[in-house]
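Going line by line, the protein sequences match chains A and B. Start counting the first sequence at 514; every next residue gets the next number (the numbering used here). Start counting the second sequence at 94; every next residue gets the next number (the numbering used here).
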Amino acid sequence: MSLSVPDLNFRVIAPALIVALTALIVLLAELVTPAPRKRWLGVLGLIGLLIAAGATVGLWGAPASAFGGMVVADNFGLFLTLVILLGAALSILLALDFVRAHRVDQGEYYVLVLFAVVGMILMATATDLIVIFLALELLSLPLYILAAFKRADARSLEAGLKYFLLGAFSSAFFLYGIAFIFGGTGTTNLMKIADALAKNPRNDLLLVGAGLLLVGFAFKVALVPFHWWTPDVYDGAPTAVTAFMSVGVKAAAFGAFFRAFLVALPAFAFDWRIVLAALAVLTMTLGNVAALLQSNVKRMLAYSSIAHAGYILIALVAMGASGLSSALFYLLAYTLTNLGAFGAVIALSDGERERLEIRDWGGAARQYPFIAAMFAIFMLSLAGFPPLAGFTGKFLIFSAAVETGWAWLAVIGVLNSLVSAYFYLRPIVQMYMSEPVPGWDRIRVAPLVALALVLALIGVIALGLYPTPAIVMATGGFLR
Amino acid sequence: MTVNHYIFLSAILFSIGAVGVLIRRNPLIMFMGIELMLNAANLAFVAFSRQLQSIDGQVFVFLILAVAAAEVAVGLAIIVALFRTRQTVNVDDVNALKG
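So this is what it looks like as structure tokens:
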């Protein structure tokens, strides 16, 4: 009996390895760092993320697979890796002052964020269902803890419990789906599943498995009707954590979602496109209508993130190169914009007291003209006003849908964007036109949070005015 | 006993687990339901592995067991922390966030 060693190409997973190593270093350094200096652990994490981004750029343009075809470094995965690293870096910048103001343990916070980033990167680059499952768990477990990170706060704990129970519940569906796909095809590798399907297109076990897999993905990216955990978890979790998970999990889970359905199941495309189109319509409409009714900024942004998942799903229904690149661009634009929006909520908080009710935002523009203006721009970008990043993203997705004959879906998307303008404009109106609410003078905007906001703002405006480089980067596609 | 028997058993276990999560209100019992669902998947993996004469499925079970153990550690920690602040873990009483 001969044992063959698969090609262990560690270069391919270098970004994930560097982040994992950084997490371990931060974990060790936490032991010897005195309490007042713990912020430097966050800086250490930021440096690790930067090096990982450098390694990702180094892998660019030369698609390669490793570990017997279990992970790949293709342009699709690397683009998402960069989006995830960017989101993580900005959310650590937001958290540096946040964790101190909220008096939570600092060192562990950054370690958990970094481990979640490792899971996200692996999920975006995995080409084997079992690796996708393990990466999903690696990103979920730290996030359950982070959601419940304010141990003395009942709301945070409740968010953690709900996220944990529903996350584990959905993971079980996901895993059971993988078991049936394995039973139907004898493999969990995405390319080999596609090969098995090409030979034998009638495969009932695989159909059941694909359905269960879809349920698992729908929970993770929060598609209606599997979305009801989202508002509670986003509302209860510490705001810096909400900001991180609203962008990172979306990028990672959509990456695996796209890869699983486009690489492994194109033979069933006729069936799942209709199902996904229906889910997209439900998700956009319900997300936007529910967001109209919210009085709490975090809940409003939670429903808005559900609606955005619906827009991205249109790109998956559209399939093809244009669908893929539009989804990547949209995820980048959404990451910058959403982090900016949550960052503004953090910036306008007085220590532990955050202003979460929209009616409390009256007069913000008079006291903090710059923060208010930035928040307004992020809201306009989420609503899809030109010339901001959100507009370009929506334009690309809707035109990809029209190109591939799903014009009615694009029309519903546009109508939904119109509805969404109402609730995105409401906080702006409140900030600029309402009577000032007392207490603004107690607020000190942390310089690092302001820095993160400015960086996000530059990205949002640059992607809106000059999107070509990002669009060119996004048209890399999969390695098959 | 054919592979169908095992898959039926695993489907029954999965359904019991899922129904348990949906109708029970104690997080510990809900959590047991989730464990039952994961183990139903394990049983399916082993049965398919045997039918396909492929060892892969059995290896996956080890990975899944490790994941389940990590999930237990995190889940129980959250439940204990919640009990310390609220003196209850019934999910109907845990409702500070309007759902």
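We treat Cβ as the ideally placed atom computed from N, Cα and C, and that holds for glycine. Remember, it's a predicted structure, so these values are computed and weren't measured experimentally.
Query                                                                                                                                                                     : Result
Spatial neighbours of Ile157 (chain B) within its chain, please: C-beta separation below 8 Å, excluding the five flanking residues on both sides.                         : Leu131, Ala134, Asn135, Phe138
Is it buried or exposed for His821 (chain A), if we count other Cβ within 10 angstroms and need 16 for buried?                                                            : buried
By DSSP, does Asp1037 (chain A) sit in helix, in strand, or in coil?                                                                                                      : Nothing can be reported for residue 1037 (chain A), as the shown portion of chain A is limited to 514 through 993.
Is Ser759 (chain A) helix, strand or coil when you go by DSSP?                                                                                                            : helix
Could you confirm whether any beta carbon from chain A is found closer than 8 Å to the beta carbon of Phe101 (chain B)?                                                   : no
Say whether chain A places a C-beta atom closer than 8 Å to the C-beta of Ile127 (chain B).                                                                               : yes
Does the separation of the CB atoms of Thr988 (chain A) and Leu599 (chain A) fall below 8 Å?                                                                              : no
Closest to Thr546 (chain A) by CA distance: which of A:Leu841, A:Val728, A:Asp618 is it?                                                                                  : A:Asp618
Would you check if the stretch 767 to 780 of chain A and the stretch 636 to 645 of chain A touch, i.e. whether three or more CB-CB distances between them fall below 8 Å? : yes
Kindly indicate if chain A contains any beta-carbon less than 8 Å away from that of Ala189 (chain B).                                                                     : yes
Look at Ala790 (chain A) and Val734 (chain A) and say whether their C-beta atoms are less than 8 Å apart.                                                                 : no
Please state whether DSSP places Ser578 (chain A) in a helix, a strand or coil.                                                                                           : strand
Measure from the C-beta of Glu865 (chain A) to each C-beta in chain B and report whether the shortest distance is under 8 Å.                                              : no
What residues in its chain sit with their C-beta under 6 Å from that of Leu922 (chain A), if we drop five residues either side in the sequence?                           : Ala790, Ile827, Ala914
Excluding sequence positions up to five away, which residues of its chain have a Cβ less than 6 Å from the Cβ of Leu718 (chain A)?                                        : Phe693, Gly696, Gly697
For Arg668 (chain A), return the contacting residues in chain B, with the cut-off set at a CB-CB distance below 8 Å.                                                      : Ala189, Leu190
Are the C-beta atoms of Ile150 (chain B) and some chain A residue less than 8 Å apart?                                                                                    : Inspection of the sequence shows that residue 150 (chain B) is occupied by Gly rather than by Ile. Yes, Gly150 (chain B) lies at the interface with chain A (some Cβ there is under 8 Å from its Cβ).
Put Asn716 (chain A) into one of helix, strand or coil per three-state DSSP.                                                                                              : coil
Given 8 Å as the limit, is there contact between the stretch 801 to 814 of chain A and the stretch 875 to 882 of chain A, that is, 3 or more CB pairs closer than that?   : no
Between the beta-carbon of Val746 (chain A) and the beta-carbon of Tyr689 (chain A), is there less than 8 Å?                                                              : no
Would you check if the distance between the CB atom of Asp520 (chain A) and the CB atom of Ala568 (chain A) is smaller than 8 Å?                                          : no
I'd like to confirm the pairing. Which residues does DSSP put opposite Ala639 (chain A) in its beta bridges?                                                              : A:Val584
Considering Asn97 (chain B), what are the terminal residues of the alpha helix (DSSP H) in which it resides?                                                              : 96 to 116
List the residues of chain A that Val167 (chain B) touches, going by C-beta distances under 8 Å, in chain order.                                                          : Leu654, Tyr657, Ile658, Phe677
For Ala665 (chain A), go through chain B and note every residue whose CB falls closer than 8 Å to its CB, in chain order.                                                 : Thr178
Would you say Ile859 (chain A) faces chain B, with C-beta separation under 8 Å as the test?                                                                               : no
Quick check on Leu976 (chain A): buried or exposed, where buried means 16 or more other Cβ atoms within 10 Å of its Cβ?                                                   : buried
Compare the Cα-Cα distances from Lys705 (chain A) to each of A:Asn801, A:Ala854, A:Ala834, A:Leu778 and report the closest residue.                                       : A:Leu778
For Ser501 (chain A), is the classification buried or exposed, using 16 other Cβ atoms within 10 angstroms of its Cβ as the cut-off for buried?                           : Any property of residue 501 (chain A) remains undetermined from this structure, which presents chain A solely from 514 to 993.
Looking at the C-beta of Gly623 (chain A), does it have a partner C-beta in chain B at a distance below 8 Å?                                                              : Checking the displayed sequence, the identity of residue 623 (chain A) turns out to be Tyr instead of Gly. No - not a single Cβ of chain B is within 8 Å of the one on Tyr623 (chain A).
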